[in-house]
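Below: one structure, written as structure tokens.
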Amino acid sequence: MAQSVIENVATGELVDYVVAHGRSQYSGAGGPSACGLAAMNCARVVLLKERAGLRGDALLEEMMKESTADEVLSVCEHWSSASHLDVEDITKSPMFNRSLNLLVVDYGQSRYSGFGRLLERLKNESIRQGGSSCAVITRPPEIIACFCIYHPKGEFYVIFDSHPRPDVHPDSAAFIFNKSAYATARYLSNLLSYDSSLVADRGFEWQAQLLGNFSGHLFVARTDSAQEGAEYWTNATMEASLESLALHADQAQLKAENESLKADIVRLRDQLTMLQRPQRAQSVWWEAKRSYPAAHPGGPQSAKRDSLISSLVHRSSSAITVARSYASSLSLSPSQPQPKDYDAALAVAWTPSRQQPLVIKPPSTDPGCYPNEDGKARESNSRYADNMDDLVFALAQQRMYDEELHSVQNFTCNICLDKHSVEDVAQVDGCGHMFCRDCIRSHISSQIAQHLYPIVCPLCSATKSERDPTVLSNEFVQQTGLSEEEFATFVELEMASFSILMHCRGCDKSFFVVRDELDSVAVITCPLPGCGKSWCKACSQIIDSIGQTHTCDGTAEFQRLMGTQGWKYCPGCQTPAEKIEGCNHLRCTSPGCYTHFCYVCGMAIIRSIKSAEIERAVATHYQGCQLFEIIPDVSVPP
Numbered sequence: 001m002a003q004s005v006i007e008n009v010a011t012g013e014l015v016d017y018v019v020a021h022g023r024s025q026y027s028g029a030g031g032p033s034a035c036g037l038a039a040m041n042c043a044r045v046v047l048l049k050e051r052a053g054l055r056g057d058a059l060l061e062e063m064m065k066e067s068t069a070d071e072v073l074s075v076c077e078h079w080s081s082a083s084h085l086d087v088e089d090i091t092k093s094p095m096f097n098r099s100l101n102l103l104v105v106d107y108g109q110s111r112y113s114g115f116g117r118l119l120e121r122l123k124n125e126s127i128r129q130g131g132s133s134c135a136v137i138t139r140p141p142e143i144i145a146c147f148c149i150y151h152p153k154g155e156f157y158v159i160f161d162s163h164p165r166p167d168v169h170p171d172s173a174a175f176i177f178n179k180s181a182y183a184t185a186r187y188l189s190n191l192l193s194y195d196s197s198l199v200a201d202r203g204f205e206w207q208a209q210l211l212g213n214f215s216g217h218l219f220v221a222r223t224d225s226a227q228e229g230a231e232y233w234t235n236a237t238m239e240a241s242l243e244s245l246a247l248h249a250d251q252a253q254l255k256a257e258n259e260s261l262k263a264d265i266v267r268l269r270d271q272l273t274m275l276q277r278p279q280r281a282q283s284v285w286w287e288a289k290r291s292y293p294a295a296h297p298g299g300p301q302s303a304k305r306d307s308l309i310s311s312l313v314h315r316s317s318s319a320i321t322v323a324r325s326y327a328s329s330l331s332l333s334p335s336q337p338q339p340k341d342y343d344a345a346l347a348v349a350w351t352p353s354r355q356q357p358l359v360i361k362p363p364s365t366d367p368g369c370y371p372n373e374d375g376k377a378r379e380s381n382s383r384y385a386d387n388m389d390d391l392v393f394a395l396a397q398q399r400m401y402d403e404e405l406h407s408v409q410n411f412t413c414n415i416c417l418d419k420h421s422v423e424d425v426a427q428v429d430g431c432g433h434m435f436c437r438d439c440i441r442s443h444i445s446s447q448i449a450q451h452l453y454p455i456v457c458p459l460c461s462a463t464k465s466e467r468d469p470t471v472l473s474n475e476f477v478q479q480t481g482l483s484e485e486e487f488a489t490f491v492e493l494e495m496a497s498f499s500i501l502m503h504c505r506g507c508d509k510s511f512f513v514v515r516d517e518l519d520s521v522a523v524i525t526c527p528l529p530g531c532g533k534s535w536c537k538a539c540s541q542i543i544d545s546i547g548q549t550h551t552c553d554g555t556a557e558f559q560r561l562m563g564t565q566g567w568k569y570c571p572g573c574q575t576p577a578e579k580i581e582g583c584n585h586l587r588c589t590s591p592g593c594y595t596h597f598c599y600v601c602g603m604a605i606i607r608s609i610k611s612a613e614i615e616r617a618v619a620t621h622y623q624g625c626q627l628f629e630i631i632p633d634v635s636v637p638p
């Protein structure tokens, strides 16, 4: 069976012959991004089989077996991640690095000419190496393999595609066999086709531009990879183990660095908090310091000052109130005599744990201790001023901490007009209006239930102002605590403002299309995985091949059908005609036409109703054409 198929492929009777066994890269635990591994493993398996002695027809028959497909796709079961692997990264692994030799990387556009140039280069490498070669083709996001099988009867081209294709091999991966490079390049150009308008439109990002290009990595089997014995796999395992250990070491180092950075962040945040508190207290201190005049120690003012500060502190007054009340009590008359010593100088500080005045005794006032009383007075004045500065600063800082600890900030909701804690605030970006979460959530839910978009700030819409109302952003709506169904509806409304929901008639699923992109194309292609159906935007008819011309009235499709069936047009009135049986001389039956024409060449013979003229014209024409078709007699042996 396989030998006859190979002979038919070699003679060209079979084109794009597909061999599939009901298993793809998605079978088992395979992930959607395992196509690169499957293509590279196919290159390794096939080229090593040839290096082991299978050549020509034997290698082609081996590629058609189900065991070969199972061996190729077995690697996909070990890669369930959604992350795509590049061919360069896969090649670095020991399993492929020790088996395959990368010759060159070719680049081109995803069209017939680009793939034809790649196949020509692949053929030249096979002839130069004296064996088969493989090109692993990457057209984002798909990766397939294409072989040039070295054969005594001439090169064979085999494509391996690990993705199921709806029209060719809908349920499994497949090998596609061809004899000619032309048919292979045509198959590749149809398989990896793209919308040319995407590349022509400069408005698309450069990632979309890559859909029109491909890369081909050309591989051959390494000369030292023919025998995969115990020593070979021992060395491969050792290399893989060393690479795994290196990755584990890098991972451990990154984890340690990450933990160190986290600790640094916590430490810096604590330092920032500690640095901010003195700055805030310092600003309060400067305001309090400006509020009182320079005081003089001694006399009845000291006792009055101590009593006043102590009473204010016990009444839990703020630090600024303490400082200002004390400053107002220190108004001294300009004629008041200046004391020379500090008999009654006291500095009062507040101890939060006991909440009672702590009296600090002044220095000794014995005159014998100071030989120069004027110098003693100046020094005591300076020390007294410093003590007063420390007192105000300590009171200001302590009271600020206590107020931050015990105070609870509230706000008024602009909808229910009730007071709520700031922890329940939902403040709109832009206008700054504040609402409680229950009220703003009810407003958003009612708007979503009515399918209204955009949703604006309720206070902005109620206020008569020339400024445009603020639109509630997606981030703000997420923070209000909507249910999953309501937020999903909001997202659909948000997307509907710049996109259109389309329904695919092929896979019976829906997807969003950008409105501007939809206006610029005439044919829509389903972007969902495993579908790829295309249909006309105007008439919604399915288009079998996106490369063929489509007309909504069916003119182009009918032209292709006539060419396929061999039907002819009447040269006189252009009425389509089909010969069912009889000779190749046809007469048009349309009213008023009377045209006689040849069904072989389609030429008009004569337009007449006179029998004699018709007979002469028919005899003259069929001197060069064939009037009757020669049907061989099956009962007579050739």
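Okay, so the sequence shown: first residue is 1 according to full-length UniProt numbering, each after it adds one.
In this text, a Cβ means the ideal position worked out from N, Cα and C, and glycines have one as well.
Tell me where the alpha helix (DSSP H) around residue i begins and ends.
{"i": "R587", "result": "That residue, R587, is in no alpha helix (DSSP H); its beta strand (DSSP E) goes H585 to R587."}
{"i": "C460", "result": "P458 to A462"}
{"i": "K419", "result": "Unbroken run through K419 is the beta strand (DSSP E), K419 to S421; no alpha helix (DSSP H)."}
{"i": "Y599", "result": "Counting along the chain, Y599 falls outside any alpha helix (DSSP H), and DSSP gives it neither H nor E."}
{"i": "L218", "result": "Segment N213 to A221 is the beta strand (DSSP E) holding L218; no alpha helix (DSSP H) there."}
{"i": "C134", "result": "Not the alpha helix (DSSP H): C134 falls in the beta strand (DSSP E), residues S133 to R139."}
Among the options, which residue has its Cα nearest to the Cα of residue i?
{"i": "residue 640", "options": "Q409, L586, K419 and T489", "result": "Nothing can be reported for residue 640: it is not among the residues displayed for the chain, which extend from 1 to 638."}
{"i": "S189", "options": "Y599, A619, H585 and Y112", "result": "Y112"}
{"i": "G624", "options": "Q541, S608 and V600", "result": "V600"}
{"i": "S81", "options": "L586, L37 and A52", "result": "L37"}
{"i": "C95", "options": "D106, L60 and A43", "result": "Contrary to the premise, residue 95 reads as Met rather than Cys in this sequence. Ranking the options by Cα distance to M95, first place goes to A43."}
{"i": "E581", "options": "E629, I605 and C570", "result": "E629"}
{"i": "E237", "options": "Q279, K509, S93 and S421", "result": "It is worth fixing the name first, because residue 237 is Thr in this sequence and not Glu. Residue S93 is the option with its Cα nearest to T237."}
{"i": "V5", "options": "F156, S497, Y594 and H84", "result": "F156"}
{"i": "C531", "options": "V422, V491 and L191", "result": "L191"}
{"i": "S510", "options": "V523, L627, L528 and A496", "result": "L528"}
{"i": "G12", "options": "Q565, A183 and T575", "result": "A183"}
{"i": "S540", "options": "L54, A556 and V523", "result": "V523"}
Just the C-alpha distance for residue i and residue j, rounded to the nearest angstrom, thanks.
{"i": "E50", "j": "I543", "result": "42 angstroms"}
{"i": "Q109", "j": "E142", "result": "15 angstroms"}
{"i": "G554", "j": "G563", "result": "14 angstroms"}
{"i": "L275", "j": "V266", "result": "14 angstroms"}
{"i": "P32", "j": "V87", "result": "16 angstroms"}
{"i": "R98", "j": "V46", "result": "15 angstroms"}
{"i": "A612", "j": "T589", "result": "19 angstroms"}
{"i": "I455", "j": "R441", "result": "12 angstroms"}
{"i": "Q3", "j": "L60", "result": "9 angstroms"}
{"i": "L308", "j": "T273", "result": "Any reading at L308 must be qualified, since the residue scores a pLDDT of 47, below 50, and its modelled position is unreliable; no value is offered."}
{"i": "K179", "j": "N8", "result": "10 angstroms"}
{"i": "G602", "j": "Y569", "result": "7 angstroms"}
{"i": "V618", "j": "M64", "result": "55 angstroms"}
{"i": "T412", "j": "F487", "result": "27 angstroms"}
{"i": "Y453", "j": "D89", "result": "46 angstroms"}
{"i": "D516", "j": "E494", "result": "16 angstroms"}
{"i": "I614", "j": "H596", "result": "8 angstroms"}
I'd like the span of the beta strand (DSSP E) that includes residue i, first residue to last.
{"i": "H503", "result": "S499 to H503"}
{"i": "Y157", "result": "F156 to D161"}
{"i": "M434", "result": "M434 to C436"}
{"i": "N414", "result": "Where N414 is concerned, there is no enclosing beta strand (DSSP E), given that its DSSP letter is neither H nor E."}
{"i": "F628", "result": "No beta strand (DSSP E) contains F628, which DSSP labels as neither H nor E."}
{"i": "Q427", "result": "V425 to Q427"}
{"i": "V15", "result": "From DSSP, V15 is part of no beta strand (DSSP E); its letter is neither H nor E."}
{"i": "I143", "result": "E142 to I149"}
{"i": "A82", "result": "Per DSSP, A82 belongs to no beta strand (DSSP E) and is neither H nor E."}
{"i": "D544", "result": "Careful: D544 lies outside any beta strand (DSSP E) and carries neither H nor E."}
{"i": "S510", "result": "S510 to V514"}
{"i": "A174", "result": "A174 to N178"}
Can you round the beta-carbon distance between residue i and residue j to whole angstroms, since I take them to be within the 8 angstroms contact cut?
{"i": "T470", "j": "V428", "result": "6 angstroms"}
{"i": "I149", "j": "I176", "result": "Actually they do not touch by this definition, with Cβ atoms about 13 angstroms apart."}
{"i": "G130", "j": "A181", "result": "Not confirmed; about 19 angstroms, so no contact."}
{"i": "K153", "j": "A10", "result": "6 angstroms"}
{"i": "D167", "j": "G22", "result": "Actually they are not in contact, since the Cβ atoms of D167 and G22 sit about 17 angstroms apart, beyond 8 angstroms."}
{"i": "Y187", "j": "G212", "result": "In fact, because the Cβ distance is near 18 angstroms, the residues do not count as touching under 8 angstroms."}
{"i": "N414", "j": "F435", "result": "6 angstroms"}
{"i": "C460", "j": "C431", "result": "5 angstroms"}
{"i": "Y594", "j": "I609", "result": "5 angstroms"}
* Asked: Three or more C-beta pairs closer than 8 angstroms, one from the region 126-138 and one from the region 213-225: is that the case here?
  -> Three or more Cβ pairs closer than 8 angstroms define a contact, and the region 126-138 meets that threshold against the region 213-225.
* To do: Count the C-beta pairs between the region 528-537 and the region 494-508 that are closer than 8 angstroms, then say yes if the count reaches three, no if not.
  => At 8 angstroms Cβ cutoff, the stretches touch.
* Asked: Counting Cβ pairs, one atom from each stretch, are 3 or more of them under 8 angstroms apart for the region 71-83 and the region 242-261?
  -> Contact fails: fewer than three Cβ-Cβ distances are below 8 angstroms.
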